[in-house]
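Notes for the one structure printed next.
In my numbering, the protein residues as written are 65 to 248.
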């Protein structure tokens, strides 16, 4: 670990994005990763809620998914101009090819994964417009499968969060960022 810490001090990470399906831990891991790397944390969903004065569910209800995705694209564009940040993207941000290209152009993109059951367990108490169906686990599986190629395309690397403490996930990301920097 000291070699990794020394390497990150010599060639620090100044921008990293987290992507992945809802409930994979992007916000929690992103916040902890930002502290570990001494960077500012930005959650794109929270930014959208601040600028729109609406929660995500209300944006979906009032204006539809397309308007929400437009907000996402604008926030991603703005995040590209920043340095020394960890950016947690919304679960569907990578659906748009433009967003994938934008994210890949700026720095490493870490895709977080978890099983549909884990995702459901983590999200069932929150109002998630895309999961308001009779069989949410099946819907999660369908959406994950539909988005998998987009996640694969944007990923610098992938890390599973299933059954793991957030600190372990953060340490794996730090180690793999080091390897990613070595290869870039």
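We put the beta carbon where it would ideally sit given N, CA and C, even for glycine.
Considering residue i, what are the terminal residues of the beta strand (DSSP E) in which it resides?
| i | result |
| --- | --- |
| residue 221 | 221 to 224 |
Which of helix, strand or coil does DSSP assign to residue i?
| i | result |
| --- | --- |
| residue 233 | helix |
| residue 80 | strand |
| residue 118 | coil |
| residue 105 | strand |
| residue 197 | coil |
Start and end of the alpha helix (DSSP H) containing residue i?
| i | result |
| --- | --- |
| residue 98 | 90 to 101 |
| residue 186 | 180 to 187 |
Assuming residue i contacts residue j under a Cβ cut-off of 8 angstroms, what Cβ separation, rounded to an integer in Å, is found between them?
| i | j | result |
| --- | --- | --- |
| residue 18 | residue 93 | Because the chain spans 65 through 248 in this model, residue 18 falls outside it and cannot be assessed. |
| residue 234 | residue 96 | 5 angstroms |
| residue 105 | residue 150 | 5 angstroms |
| residue 164 | residue 79 | Rounded, the Cβ-Cβ distance is 16 angstroms, inconsistent with contact. |
| residue 244 | residue 220 | 5 angstroms |
| residue 141 | residue 166 | 6 angstroms |
Classify residue i as buried or exposed, calling it buried when 16 or more other Cβ atoms lie within 10 Å of its own Cβ.
| i | result |
| --- | --- |
| residue 107 | buried |
| residue 152 | buried |
| residue 178 | buried |
| residue 157 | buried |
| residue 83 | buried |
| residue 102 | exposed |
| residue 117 | exposed |
| residue 276 | With the chain running from 65 to 248 in the structure shown, residue 276 is simply not present. |
| residue 197 | exposed |
| residue 161 | exposed |
| residue 210 | exposed |
| residue 176 | buried |
| residue 76 | exposed |
Can we count residue i as close to the ligand SAM, meaning its CB is less than 7 angstroms from some heavy atom?
| i | result |
| --- | --- |
| residue 227 | This structure lacks the ligand SAM; in fact it carries no ligand of any kind. |
Note down, one range per segment and in chain order, each beta strand (DSSP E) of at least 3 residues found wholly within the stretch 139 to 172.
149 to 152
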